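**Q** Protein chains in written order, with the numbering used here: chain D, 110 to 215; chain V, 4 to 599. All residues carry an ideal CB built from backbone N, CA and C; glycine is no exception. Quick caveat, the model's predicted, so the values are computed rather than measured.
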Amino acid sequence: MKTLIDYLRERLNIVIGTCYVLLALILAYSLYVDKSHAHTWVEQNIPFYWSVFGFAAAAAIIGIAYWFGHSGIMVRKDYYEKKTARCCGCSDKESSSGKTETGGDQ
Amino acid sequence: MINSFVHPALILIIGALILPFVRGPLRKPYLLIVPLLSFAAVVSNSGLSGHLATYQFMDWELVFGRVDRLSTVFAFIMALMAIIGTLYSLHVDNAKEHMAAWFYVAGSLGTIYCGDYLSLFFFWEMMAFASTFLIWFRRDEKALAAGYRYLLIHTIGGVILLAGIMLRYQAVGDIAFDLMDVKNPELYTWLIMIGFGLNAAIVPLHSWLPDAYSSASFNGSVFMCAFTTKTAVYTLARGFAGFDILVLLGVIMALYGVIYAVMENDIRKLLAWSIVSQVGYMVAGVGIGTELAINGASAHAVAHILYKGLLFMGTGSVLYMTGKSKFTELGGLYKKMPATMIFTIVGCLSISAAPFFAAFVSKSMIISAGFETHLNWAAWLLMFGATGTFMYNGLKLPYFLFFGKNNCSEETWEKAADPTWNMQMAMAGSAALCIIVGSAPALLYRLLPYPVHFHPYSGYHIAETLQILGFAALAFFFLKKYLVPEDKICLDMDWFYRMAGRMFLWTAQKPLQWFDTAWGEGYRVAGLGSLMTISRFWSWFDWHAIDGVVDGIARCVRAIGGRVRTLQSGQIQYTIYYAASFTAVILIAYVLFQLS
Chain D
110 MKTLIDYLRE RLNIVIGTCY VLLALILAYS LYVDKSHAHT WVEQNIPFYW
160 SVFGFAAAAA IIGIAYWFGH SGIMVRKDYY EKKTARCCGC SDKESSSGKT
210 ETGGDQ
Chain V
4 MINSFVHPAL ILIIGALILP FVRGPLRKPY LLIVPLLSFA AVVSNSGLSG
54 HLATYQFMDW ELVFGRVDRL STVFAFIMAL MAIIGTLYSL HVDNAKEHMA
104 AWFYVAGSLG TIYCGDYLSL FFFWEMMAFA STFLIWFRRD EKALAAGYRY
154 LLIHTIGGVI LLAGIMLRYQ AVGDIAFDLM DVKNPELYTW LIMIGFGLNA
204 AIVPLHSWLP DAYSSASFNG SVFMCAFTTK TAVYTLARGF AGFDILVLLG
254 VIMALYGVIY AVMENDIRKL LAWSIVSQVG YMVAGVGIGT ELAINGASAH
304 AVAHILYKGL LFMGTGSVLY MTGKSKFTEL GGLYKKMPAT MIFTIVGCLS
354 ISAAPFFAAF VSKSMIISAG FETHLNWAAW LLMFGATGTF MYNGLKLPYF
404 LFFGKNNCSE ETWEKAADPT WNMQMAMAGS AALCIIVGSA PALLYRLLPY
454 PVHFHPYSGY HIAETLQILG FAALAFFFLK KYLVPEDKIC LDMDWFYRMA
504 GRMFLWTAQK PLQWFDTAWG EGYRVAGLGS LMTISRFWSW FDWHAIDGVV
554 DGIARCVRAI GGRVRTLQSG QIQYTIYYAA SFTAVILIAY VLFQLS
């Protein structure tokens with residue numbers, strides 16, 4: 110598996126090109142497929158509807174998350190420890206003693 | 004086949020109590036046999052139906068074995084997950100961890116099979132308390148604090164649930180746990196729904212979930228990701244099917260979880276946010292309430308337990324082997340953990356609803372139910388959320404963990420390797436089940452509460468899914484620089500109760516402490532000083548007045564005695580002299596008195 114991935118990474122442009130071809134095939138398939146099972150008018154009448162939806166939704170989610178995160182929601186990792194230290198009067202050293210990230214502790 | 008009801012929770016509880024006494028080479032076989040027996044009991048019970056294992060307690064009938072299709076499908080997946088989870092943690096040589104996990108599963112199975120609110124509450128709380136230990140068993144200060152927060156929130160939820168149960172009993176007069184009158188909700192309806200909803204991590208009651216699941220031990224999270232929220236989904240499906248508000252709450256959960264998962268740096272916290280999002284689909288399905296929607300919620304619960312368990316096992320393996328769980332400390336692990344990578348990617352494809360993987364056959368049922376009931380706004384937003392699910396779970400997680408920039412320290416890189424055989428076997432089993440369920444959905448559909456007339460493998464559904472996945476991947480390819488994880492944490496609703504707790508602590512330490520100190524000082528200066536002055540006066544009065552009188556008499560008597568004593572020298576001539584003198588004085592005094 111490692112060898113295969115390394116092989117593909119060395120030929121990244123070919124991989125990317127192949128992905129574009131696959132996307133084109135998906136688009137072509139979406140034109141060909143029977144749309145009688147579609148739930149709404151837009152699905153039935155707008156070509157490549159789900160392709161546009163997928164791209165736009167993903168871009169919107171990335172944009173919203175980036176804006177939301179950088180508008181004050183993402184804070185430094187010791188945010189709560191610092192707050193505790195400031196509130197309760199204990200030293201930073203004491204308050205941050207609990208933030209050791211143990212994982213393989215079993 | 005046994006013809007009477009065997010409670011799988013009882014097997015797990017007895018098994019857990021015996022476990023500490025089973026040591027040495029028998030321990031591992033025993034660890035597998037107990038959950039297997041529990042699963043066998045569920046399979047055996049599936050041939051039964053009705054209210055079984057009923058007991059009269061005071062005026063109430065307790066039902067421990069309500070068997071129908073809804074309880075069977077949930078019990079089936081819970082018991083199966085108990086086997087997978089125990090296999091994953093088979094090498095953990097701490098009986099207490101397995102005991103906590105089995106009590107936790109027993110609580111879930113007990114809740115699923117119960118038919119009354121009293122036994123439901125008992126098993127509900129068993130789940131909460133047992134699972135707390137799965138957090139604490141990580142044994143660091145962060146886990147300790149997270150465990151206390153988890154316990155506190157679930158205790159509050161339990162109290163709300165109990166209040167609802169008591170109000171309902173007062174109003175209705177029985178404790179049967181059945182479908183509520185959701186069209187005419189009373190106060191107790193809301194309270195019970197909030198109690199269940201807190202365990203389902205309904206926004207804004209959800210913050211305990213990412214906090215606790217990312218803090219639990221590597222194997223504890225594998226259990227926790229399956230049981231609490233899905234048991235809550237079961238209770239909502241049982242009691243609140245068709246409750247409109249759940250559609251809105253479910254959609255909010257689906258989207259809220261997506262946004263936070265996209266921002267998250269911790270791989271297990273990302274998955275925890277993903278639970279909030281995915282359980283949102285189930286809650287929305289319960290809210291829609293049609294047969295297709297309830298089938299969809301049940302099917303998605305089964306699929307979700309399989310793929311989410313697999314993802315937590317994959318990320319748990321990374322944590323177990325490297326000790327790290329942040330993207331900013333990991334990366335490029337395909338070279339060191341190839342088997343873990345493959346299993347995790349199967350989980351990623353499953354949650355992304357890719358064709359032939361688990362969620363493809365379950366999530367679409369809920370969304371279709373939304374369109375069929377003309378709740379188009381909900382269905383569109385759930386589709387929007389599904390695209391986000393693929394974004395953070397199908398692309399961000401595997402890319403930044405296994406392929407992206409290598410942020411590993413030298414020590415982390417040295418430690419990175421595929422985990423123990425039992426962990427790999429558990430992951431392989433889950434991965435296989437994800438593919439089986441996704442490729443042969445009839446196996447899953449046969450278990451669902453209602454007859455299924457849904458065909459996921461239509462050409463249109465496949466085309467729709469491929470377009471969404473393909474073009475969302477294209478957006479990721481172009482915009483991935485905005486998704487690069489940062490070593491930060493995200494503020495959430497827990498900010499409010501953390502701040503409330505901190506305010507309480509501050510109030511105790513600052514104003515209350517100040518008042519206490521001022522009161523003490525004031526007392527010392529004003530109260531204590533005047534008290535001492537008064538005390539000194541009374542001491543003086545006691546000494547000089549009361550004692551003066553008593554002591555004065557005593558001193559007087561003593562002085563007289565002293566004088567008298569000097570008269571009694573023991574020499575006869577002095578005695579005669581004093582006696583004669585005294586007599587003479589008396590006589591003279593008498594004569595003078597007579598003469599006058």
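1) Does the region 204 to 211 of chain V come within contact of the region 168 to 183 of chain V, defined as at least 3 CB pairs closer than 8 angstroms?
2) Alpha carbons only, please: which of Val250/V, Ala229/V, Lys329/V, Met340/V is nearest the one belonging to Val305/V?
3) For a test of the three-state rule: what should DSSP assign to Asp119/V, helix, strand or coil?
4) Measuring only from the beta carbon, is Ala133/V closer than 7 angstroms to any heavy atom that is part of the ligand MN?
5) Whose C-beta lies closer than 7 angstroms to the C-beta of Asp71/V among residues of the same chain, with five residues either side of it excluded?
6) Take Tyr91/V and list the residues in its own chain whose beta-carbon comes closer than 8 angstroms to its own, dropping the five residues that flank it on each side.
7) Met60/D bridges to which residues according to DSSP?
8) Put Leu55/V into one of helix, strand or coil per three-state DSSP.
9) Taking Cβ positions only, does Trp159/D come closer than 8 angstroms to chain V?
10) Distance, Cα to Cα, Gly245/V vs Lys111/D?
11) Given Pro454/V, which residues of its chain have a CB within under 6 angstroms of its CB, disregarding the five upstream and five downstream residues?
12) Are there 16 or more other CB atoms within 10 angstroms of the CB of Pro207/V, so buried, or fewer, so exposed?
13) Tell me which same chain residues have a C-beta within less than 7 angstroms of the C-beta of Tyr151/V, skipping the five on either side of it?
14) Specify whether the region 398 to 409 of chain V and the region 293 to 313 of chain V touch according to this definition: at least 3 beta carbon pairs, one from each stretch, less than 8 angstroms apart.
15) Identify each residue in the region 493 to 511 of chain V for which the Cβ-Cβ distance to at least one residue of chain D is less than 7 angstroms, and report them in chain order.
16) Mind pulling the chain D residues with CB within less than 7 angstroms of Gly283/V?
17) Going along the region 288 to 301 of chain V in order, which residues come within less than 7 angstroms of chain D, judged by CB to CB distance?
18) Quick one: which chain V residues come within Cβ less than 7 angstroms of Ser139/D?
19) Measure the alpha-carbon distance for Ile369/V versus Gly397/V and round it to whole angstroms.
20) By a C-beta neighbour count over all protein chains shown, 10 Å radius and 16 as the cutoff for buried, is Trp127/V buried or exposed?
21) Are the beta-carbon atoms belonging to Ile354/V and Val321/V less than 8 angstroms from one another?
22) Could you give the C-beta distance for Thr232/V and Ala203/V, rounded to a whole number, given that I count them as a contact under 8 angstroms?
23) In or out: Ile205/V buried (at least 16 other Cβ within 10 Å) or exposed?
24) Is DSSP giving Arg120/D helix, strand or coil here?
25) Spatial neighbours of Tyr120/V within its chain, please: CB distance less than 6 angstroms, with the 5 preceding and 5 following residues excluded, ordered by chain position.
26) What does DSSP give as the partner residues of Asp269/V in its beta bridges?
27) Excluding the five sequence neighbours on either side, which residues of its own chain have a C-beta within less than 8 angstroms of the C-beta of Gly326/V, listed in chain order?
28) Between the beta-carbon of Tyr460/V and the beta-carbon of Val142/D, is there less than 8 angstroms?
29) Bridge partners of Trp63/V, per DSSP?
30) My guess is that Cys437/V and Phe360/V are in contact by the Cβ rule of under 8 angstroms, so how many angstroms apart are they, rounded?
31) So Lys366/V is in the alpha helix (DSSP H); what residue range does that whole segment cover?
32) So Tyr485/V is in the alpha helix (DSSP H); what residue range does that whole segment cover?
33) Mind pulling the chain V residues with CB within less than 7 angstroms of Lys144/D?
34) If Leu450/V and Ile439/V are in contact, beta carbons under 8 angstroms, what's the gap, nearest whole angstrom?
35) Could you tell me whether the Cβ of Asn379/V comes closer than 8 angstroms to any Cβ of chain D?
36) At a cut of 8 angstroms, does the region 128 to 147 of chain V reach the region 90 to 106 of chain V through at least three beta carbon pairs?
**A** To lay it out plainly:
1) Verdict: no, contact absent.
2) Taking only the C-alpha atoms, the option nearest Val305/V is Ala229/V.
3) In the structure shown, Asp119/V sits in a strand (DSSP, three-state: E or B).
4) Of ligands this structure carries none, so the ligand MN is not represented either.
5) Cβ neighbours of Asp71/V beyond the five flanking positions: Ser52.
6) Within its own chain, the residues whose Cβ lies closer than 8 angstroms to the Cβ of Tyr91/V, once the five positions on either side in sequence are excluded, are Asn222, Val225, Met316, Gly319, Asn425, Met426, Ala429, Met430, listed in chain order.
7) Given that chain D is displayed from residue 110 to residue 215, the structure contains no residue 60/D and the question cannot be resolved.
8) Reduced to three states, the DSSP call for Leu55/V is strand.
9) By this cut-off, Trp159/D is an interface position.
10) Approximately 50 angstroms between the Cα atoms of the pair.
11) By the criterion of a C-beta distance shorter than 6 angstroms, Pro454/V is surrounded by no residue of its chain, once the five residues flanking it on both sides are discounted.
12) Its Cβ having fewer than 16 others within 10 Å, Pro207/V is exposed.
13) Cβ neighbours of Tyr151/V beyond the five flanking positions: none.
14) No, the region 398 to 409 of chain V is not in contact with the region 293 to 313 of chain V.
15) Cβ contacts with chain D: Cys493, Leu494, Arg501, Arg505, Leu508, Trp509.
16) Neighbours of Gly283/V on chain D: none; closest Cβ ~15 angstroms, over 7 angstroms.
17) Answer in chain order: no residues at all.
18) Close partners of Ser139/D in chain V (Cβ separation under 7 angstroms): Ala466, Gln470.
19) Approximately 20 angstroms between the Cα atoms of the pair.
20) That one is buried.
21) No, these two residues do not count as a Cβ contact at 8 angstroms.
22) At roughly 5 angstroms, the Cβ-Cβ gap stays under 8 angstroms, so Thr232/V and Ala203/V are in contact.
23) Ile205/V is buried by the Cβ-count criterion.
24) Coil.
25) Within the same chain, Ile168, Ile178, Phe180 come within 6 angstroms of Tyr120/V by CB-CB distance, once the 5 residues on both sides are set aside.
26) For Asp269/V, which the question treats as bridged, DSSP gives the partners Lys329/V.
27) Excluding positions up to five away in sequence, the list reads Thr415, Lys418.
28) The answer is no: Cβ separation not under 8 angstroms.
29) When DSSP reads this structure, Trp63/V sits in a beta bridge with Phe60/V.
30) Between Cys437/V and Phe360/V the beta-carbon gap is near 6 angstroms, inside 8 angstroms, which marks them as a contact.
31) First-last of the alpha helix (DSSP H) with Lys366/V: 366 to 375.
32) Counting along the chain, Tyr485/V falls outside any alpha helix (DSSP H), and DSSP gives it neither H nor E.
33) Residues of chain V passing the Cβ test: Tyr463.
34) Wrong, their Cβ atoms sit about 13 angstroms apart, outside the cutoff.
35) Chain D has a Cβ within less than 8 angstroms of the Cβ of Asn379/V.
36) Segments in contact, yes.
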